[in-house]
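So for the sequence shown, our numbering puts the first residue at 36; every next one is plus one.
A short worksheet on the structure shown next.
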Amino acid sequence: IGLTDRIFTRIGASDELHAGRSTFMVEMTETAAIVNGATDRSLVVLDEIGRGTATYDGLSIAWSVAEHLHDDIGARTLFATHYHELTDLATSRHAVKNYNVAVREWNDQIIFLRQIVPGAADRSYGIQVARLAGLPDSVIKRAKEILEKLETGEEASGLIGDQGKPPKKQTSEKKKPGRPKVEKEAAGTLSDTEAESEDESESDEETQLSLFG
């Protein structure tokens, strides 16, 4: 690494609720301090920049920060990310080199080889790590189904299917007795306004029960 004038790090994720700052705001504030303070003799270590917001926003910020550190500052930088798109920078920036953590797959599981090897990672292993963390098999299975559909370009709305539908409201087999004939005739004497009000009340109640159910 050689001599450095400063060492900057942006690692981990934490908020500052007492100061009214979200995790992403803290991340951006610290990243701004690095970008504004680093020189060509600085060492910069960045981990997962842009993960605290929407995917495309985060990717855009991470990409721009990486370009700025390379093109404008020239600081020696270690930039860890799960945005595979960022590895394309190595094709257009002479000083950018890609490395990845080597793993081996076995029986749908991953084995960490504890090695850093040259080249870009071709995929992520988030679901396998989630299984190692103890998520239920049913959750892992569903995650795989969703991932497969997302990778084929299916819209999120198409992933819900029958699993997203609320259960049908169970009704008693015994039919609700209708109004007595006299009552119906009496109801016919109501004014048009009162009759409409009564119908709307019954309709609203059915809608609320349907949504709630």
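Backbone N, C-alpha and C define an ideal beta-carbon position, used for all residues, glycine too.
Buried or exposed by the 16-neighbour rule on C-beta atoms within 10 Å, applied to residue i
| i | result |
| --- | --- |
| I146 | exposed |
| G72 | exposed |
| I36 | exposed |
| G254 | Because residue 254 is not part of the residues shown, which for the chain are 36 to 248, the question remains open. |
| G85 | buried |
| T112 | buried |
| R41 | exposed |
Residue range of the unbroken beta strand (DSSP E) whose run includes residue i
| i | result |
| --- | --- |
| T112 | 111 to 115 |
| L38 | L38 -> no beta strand (DSSP E), and no H or E assigned at all. |
| T44 | 42 to 45 |
Local conformation of residue i per DSSP, three classes
| i | result |
| --- | --- |
| Y118 | coil |
| I175 | helix |
| A156 | coil |
| I293 | Examination of residue 293 is not possible in this model, given that the chain is present from 36 through 248 alone. |
| L52 | helix |
| Y170 | For clarity, residue 170 is Leu in the given sequence; the question names Tyr instead. Coil. |
| E183 | helix |
| V131 | coil |
| E62 | helix |
Unbroken alpha helix (DSSP H) run spanning residue i, endpoints
| i | result |
| --- | --- |
| A101 | 90 to 103 |
Min CB distance residue i to chain D below 9 angstroms
| i | result |
| --- | --- |
| D50 | No chain D appears in this structure, which consists of one protein chain only. |
Cross-strand partners of residue i (DSSP beta bridge)
| i | result |
| --- | --- |
| L81 | R45, F114 |
| E189 | Looking at the DSSP assignment, E189 forms no beta bridge with any residue, so it has no partner. |
| Q144 | W141 |
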